[in-house]
Amino acid sequence: MNGIVASLTLEEFLNNLLQPSKGGSTDTIALIAFLLAALIHASLLLGLFGGLPVFYIWLERKVAGRIQDRLGPTRVGGSFGWLQTIADGIKLIQKEDLVPKEADGLVFRMSPYLATIASFAAFMVLPLSDGWVAVTSESGAFLIFALMSMEVLGIILAGYSSGSKWALFGAMREAAQMVSYEIPMAICALIPLMIAGSLNFQTIGRMQGGVFWNWFIFHDPFAFIAFFCYFITATASVKRAPFDLAEAESELVAGFHTEYSGFRWSIFFLAEYSSMFAVSAIAAILFLGGWNDGLGISDAVNTLRGQWMDAFYIQGFSLGTYLANLFGAAVLIFKGCALVFVQIWVRWTLPRLRIDQVMSTCLKYLVPISCGLFLMAVLWPLVLASTFQRPVLGGPALGEIREADRRVTAQPQPPRNSTIAAREEVAR
Amino acid sequence: MIEQLLFWIFATLACVGAIAVVATQNVVRMAFWLVISLGSVAALFFLLSADFLGAAQLLIYVGGTVVLLVFGVMLTASGPYVRIRTTPPEMLMGAAAGGLLLYVMISAISNVDWGELTASIPIESPAASTKAPDEAAQVTPSPRRMASVEWQKRGTVRPLGLGFVGLRSDRDAGQSGLAPGFFLPFEIVSIHLLVVLVGAAYLARAKRRVVPADSQGLP
């Protein structure tokens, strides 16, 4: 057993590193490579968390410009203004870090970090590909909703501790909105989870492999409607227009972040834009096939898994698995970006709702609709089973997939990609 | 080593947060410290590889209860920052209740025979590789040990869900028949909560009808 695969816990790994005489010098080199791989992947995840918002803010400006018959940023960094966000970021970091006299200093300073940490924590459970996830968890879907619900708390505390009426109003609206919108969001997310029979994102993604009619959005008519319901509530949960009442520039100056400036202000936006990607990626995994492209290319790429073992003279490192994971991650990020584009598009074309309209949209329409969809989705397999003797219309049923999965796992598995273990361990 | 270190960090944070909740007078700071304390407890659950319990802790307490608490404070506060000053009798009563709870918990913990329990759970010593639980299970394949090996491999969600409807993995296979599940208690509790919610909504509504000018544009 080589050092990379054997050292499954960081603790064990460090022990081995401190006692190199036991395994010889090659083991130590392998362990150092392991640490390096872990560091690279951890920083890649962090880079994704920081890099996507930079791209989205640029995209938002470009899209807004086009929708309003303007050009958007054109000059900074070449022809498309693609350095605009970075220039803004540098400007924001230089700004003075203000704390108002009326504010509650500790909570005021801490709440941007609370929102950002919650948003980043969601990235840790979010799988980018089949087997590429920082923290594997059997209850990943539940965990990610729990983590994302913490972001609201940062915003509410920020609004309350600012000592400003505008910020307080923004925070109150956000709290009222989030407490109500979490209910239909969770119920809509339950529908694909129920189809999959699992809270594990890996299982959910694997079940949607193959051609696009295996995606859960096409599983039954109720799941199809549930996707749109989920997307509306997800847009509300990341406080994007038309549900951006927490900041409502035309009414509340800037809402909950009125008193913030500089770096703390900018990490609020980091949290917001990366949460936009997180909810879109969750929607993509739950409804739109996750890292499967829906044309069958993913399956072709997946045959590479376990190929080209011992590439680059690293034992246990399979280049094929790595490439397949990279392809899956690219597909998922593309889907996430497409959904974020829809969010941006909606923001610049729909007017903002009033708070009472927001509340009645949720409580009078979305909650009953999602409850009805859930009930119908529960009854759907029963009706199908009694008429067609099959719980699903097309594709394999849940039990058949489980059997296939078991057969696959019964076969001798190729050694796990070292980087997965590395990323898991670093995140822990 | 690392897990020990993390345990001590989060255990300390949980205790510091809990003490700070009691010590501060500002309600919103209390909420902040409560987040620290409850989040650290959730982290301890994650360290015990009880993902579901940790996520439930985060969702219900941090994402739900604390948000509602702050929301309630924001809606009802008359001044900028609500302060709660405890009078000596209140402090005495709180200390008495807390002390009694501590006594009950300490006596309950000390009454458990931990030796037997730890013997039934595969120990993950720092040097043990992932093979160790399997080997340990092969030596003495007691159902409980098999169950705990299963939990370590696949997480706690499936056993929890099965136990919920009555297929409990914590019971030995020798005990035939279905164990009582947790469905009925769960339903009773949730109906209870629904009743409480309806009652709270009714009370809030009645108050607003008396003073119509009180509504500030928020439903």
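Protein chains in written order, with this note's numbering: chain A, 2 to 429; chain B, 200 to 418. For each residue, glycine too, the CB sits at the ideal point set by N, CA and C. All of these numbers come straight from a predicted model, not from anything done at the bench.
My parser needs the alpha helix (DSSP H) runs of 4 or more residues fully inside the segment 233-319 of chain B; what are they?
Listed in chain order, the complete alpha helix (DSSP H) runs (minimum 4 residues) inside the segment 233-319 of chain B are 250-256, 266-275, 287-310, 313-318.
Of all the options A:F217, A:T350, A:A282, which has the alpha carbon lying nearest to the alpha carbon of L378 (chain A)?
For this step, residue 378 (chain A) is matched to residue 377 along the first sequence. Residue identity differs from the one stated: residue 378 (chain A) is Ala in this sequence, not Leu. The shortest C-alpha separation from A378 (chain A) is found at A:F217.
Can you tell me whether A400 (chain B) is helix, strand or coil according to DSSP?
Your numbering for residue 400 (chain B) matches position 201 in the second sequence. In the structure shown, A400 (chain B) sits in a helix (DSSP, three-state: H, G or I).
Taking the alpha helix (DSSP H) that A104 (chain A) falls in, what are its first and last residues?
One-based indexing of the first sequence puts residue 104 (chain A) at position 103. No alpha helix (DSSP H) holds A104 (chain A); DSSP gives it neither H nor E.
The alpha helix (DSSP H) with W216 (chain A) in it runs from where to where?
Translated into positions along the first sequence, residue 216 (chain A) becomes position 215. Here W216 (chain A) belongs to no alpha helix (DSSP H), and DSSP marks it neither H nor E.
Count the other C-beta atoms from every protein chain shown that fall within 10 angstroms of the C-beta of D333 (chain B), then say buried if there are 16 or more, exposed otherwise.
On the second sequence, residue 333 (chain B) is found 134 positions in, with the first residue counted as 1. Confidence is the limiting factor: at D333 (chain B) the pLDDT is only 44, short of 50, which leaves the residue's position unreliable and the question unanswerable from this model.
Does any CB atom of chain A fall closer than 8 Å to the CB of R228 (chain B)?
Residue 228 (chain B) sits at position 29 when you count from the first residue of the second sequence. Yes, R228 (chain B) lies at the interface with chain A (some Cβ there is under 8 Å from its Cβ).
Under a three-way DSSP split, which group does L324 (chain A) fall into?
Sequence index remark: in the first sequence, residue 324 (chain A) carries index 323 (1-based). In this structure, L324 (chain A) counts as helix in the three-state DSSP scheme.
Please name the residue in A:Y261, A:S238, A:V359, A:C230 whose C-alpha comes closest to that of V100 (chain A).
Your numbering for residue 100 (chain A) matches position 99 in the first sequence. Per the Cα distances, A:Y261.
Taking the alpha helix (DSSP H) that A353 (chain A) belongs to, which residues open and close that run?
Residue mapping note: residue 353 (chain A) aligns to position 352 of the first sequence, counting from 1. At residue 353 (chain A) the sequence reads Arg, which differs from the Ala that was named. It is not in any alpha helix (DSSP H) - R353 (chain A) carries neither H nor E in the DSSP assignment.
On the three-state DSSP scale, how would you describe W346 (chain A)?
Taking the first residue of the first sequence as position 1, residue 346 (chain A) is located at position 345. Of the three classes helix, strand and coil, the one that applies to W346 (chain A) here is helix, per DSSP.
Among the candidates B:M273, B:G298, B:M292, B:I305, whose CA atom is the shortest distance from the CA of N225 (chain B)?
As a working mapping, residue 225 (chain B) is identified with position 26 in the second sequence. If we check each option's Cα against that of N225 (chain B), B:M273 comes out closest.
Between which two residues does the alpha helix (DSSP H) containing N303 (chain A) stretch?
Sequence index remark: in the first sequence, residue 303 (chain A) carries index 302 (1-based). Taken as a continuous stretch (DSSP letters only), the alpha helix (DSSP H) holding N303 (chain A) covers 298-303.
For the segment 235-265 of chain B, which residues have a CB atom closer than 7 Å to at least one CB atom of chain A, in sequence order?
From the segment 235-265 of chain B, only D250, F251, A254, L257, L258, V261, G262, V265 have a Cβ closer than 7 Å to chain A.
Anything in chain B within Cβ reach of S172 (chain A), meaning under 9 Å, just list it in chain order.
Numbered from 1 along the first sequence, position 171 holds the residue referred to as residue 172 (chain A). According to the sequence as given, residue 172 (chain A) is Ala; it is not Ser. By Cβ distance, chain B contributes V269, F270, M273.
Between the segment 198-213 of chain A and the segment 146-156 of chain A, do at least 3 Cβ pairs fall closer than 8 Å?
Touching, no, given that fewer than three Cβ pairs across the two stretches are closer than 8 Å.
Who are S130 (chain A)'s beta bridge partners in DSSP?
Indexing the first sequence from 1 puts residue 130 (chain A) at position 129. Partner(s): A:W133.
Just the C-alpha distance for F229 (chain A) and V388 (chain B), rounded to the nearest angstrom, thanks.
In the first sequence, the residue the question calls residue 229 (chain A) occupies position 228. In the second sequence, the residue the question calls residue 388 (chain B) occupies position 189. For F229 (chain A) and V388 (chain B), the distance between alpha carbons rounds to 32 Å.
Under a CB-based cut-off of 8 Å, is Y401 (chain B) close to chain A?
As a first step, residue 401 (chain B) must be located in the second sequence, where it is residue number 202. Taking Cβ atoms only, chain A never reaches closer than 8 Å to Y401 (chain B), which makes this a no.
Can the beta-carbon of F231 (chain B) be found closer than 8 Å to that of V108 (chain A)?
Mapped onto the second sequence, residue 231 (chain B) falls at position 32. Mapped onto the first sequence, residue 108 (chain A) falls at position 107. Closer than 8 Å, so yes.
Output, in sequence order along the chain, the residues in the segment 202-229 of chain B whose CB is closer than 8 Å to any CB in chain A.
The segment 202-229 of chain B vs chain A, Cβ under 8 Å: E202, N225, V227, R228.
Does E334 (chain B) come out as helix, strand or coil in the three-state DSSP assignment?
In the second sequence, residue 334 (chain B) corresponds to position 135, counting from 1. Legend: pLDDT at E334 (chain B) = 43, less than 50; position of this residue unreliable, value from coordinates given subsequently. In this structure, E334 (chain B) counts as helix in the three-state DSSP scheme.
Roughly how many whole angstroms lie between the Cα atoms of C214 (chain B) and T322 (chain A)?
Here residue 214 (chain B) is taken as the residue at index 15 of the second sequence, counted from 1. Here residue 322 (chain A) is taken as the residue at index 321 of the first sequence, counted from 1. If I take the Cα positions, the gap works out to 44 Å.
Apart from the five residues on each side of it in sequence, which residues of its chain come closer than 6 Å, Cβ to Cβ, to F209 (chain B)?
Position 10 of the second sequence, counting from 1, holds the residue named residue 209 (chain B). Same-chain partners within the cutoff: S239, A242, L243.
Would you mind telling me which residues of chain B sit closer than 7 Å to V100 (chain A), beta carbon to beta carbon, in chain order?
Indexing the first sequence from 1 puts residue 100 (chain A) at position 99. What V100 (chain A) touches in chain B: nothing, since even the nearest Cβ is about 15 Å away.
The alpha helix (DSSP H) that contains T234 (chain A), what's its start and end?
Reading the first sequence from its first residue, position 233 is the one you call residue 234 (chain A). T234 (chain A) -> alpha helix (DSSP H) spans 222-238.
Tell me which residues share the same chain as F375 (chain A) and place their Cβ nearer than 7 Å to its Cβ, disregarding the 5 neighbours each side in the sequence.
By 1-based counting over the first sequence, the position of residue 375 (chain A) is 374. Cβ neighbours of F375 (chain A) beyond the five flanking positions: I188, L191, I192.
Y161 (chain A) lies in the alpha helix (DSSP H); which residues open and close that run?
Taking the first sequence and counting its residues from 1, one reaches residue 161 (chain A) at position 160. Per DSSP, Y161 (chain A) belongs to the alpha helix (DSSP H) from 141-162.
Report the rounded CA-to-CA distance for A326 (chain B) versus L333 (chain A), giving the unit in angstroms.
Counting from one through the second sequence, the residue named residue 326 (chain B) turns up at place 127. Counting from one through the first sequence, the residue named residue 333 (chain A) turns up at place 332. Since pLDDT at A326 (chain B) reaches only 41, below the 50 mark, its modelled position is unreliable, and no value is offered.
If Q261 (chain B) and V234 (chain B) are in contact, beta carbons under 8 Å, what's the gap, nearest whole angstrom?
On the second sequence, residue 261 (chain B) is found 62 positions in, with the first residue counted as 1. On the second sequence, residue 234 (chain B) is found 35 positions in, with the first residue counted as 1. Note that residue 261 (chain B) is Val in the sequence shown, not Gln. Yes, V261 (chain B) and V234 (chain B) are in contact; Cβ-Cβ is about 6 Å, under 8 Å.
Assuming M149 (chain A) and S276 (chain A) make a contact with CB atoms under 8 Å, what is their CB distance in whole Å?
Translated into positions along the first sequence, residue 149 (chain A) becomes position 148. Translated into positions along the first sequence, residue 276 (chain A) becomes position 275. Indeed, because the Cβ distance is near 7 Å, the residues count as touching under 8 Å.
Hey, out of A:A172, A:S199, A:I87, A:S299, whose CA is closest to F328 (chain A)'s CA?
The residue given as residue 328 (chain A) occupies position 327 in the first sequence. Closest by alpha carbon: A:S299.
Three or more C-beta pairs under 8 Å: does that hold for the segment 263-270 of chain A against the segment 228-247 of chain A?
No contact exists between the segment 263-270 of chain A and the segment 228-247 of chain A.
Going straight from the alpha carbon of L257 (chain B) to that of W381 (chain A), what length do you get?
Within the second sequence, the letter at position 58 stands for residue 257 (chain B). Within the first sequence, the letter at position 380 stands for residue 381 (chain A). About 32 Å.
Let me see if you follow: with CB-CB separation under 8 Å, is V397 (chain B) close to chain A or not?
Locating residue 397 (chain B) in the second sequence gives position 198, counting from the first residue. No - not a single Cβ of chain A is within 8 Å of the one on V397 (chain B).
Within a Cβ cutoff of 7 Å, which residues of the same chain sit near W257 (chain A), ignoring the five residues on either side of it in sequence?
Sequence index remark: in the first sequence, residue 257 (chain A) carries index 256 (1-based). The residue asked about is misnamed: residue 257 (chain A) is Phe in this sequence, not Trp. Taken in chain order, the residues that qualify are I156, A159, G160, A168, G171, A172, E175, A247, E248.
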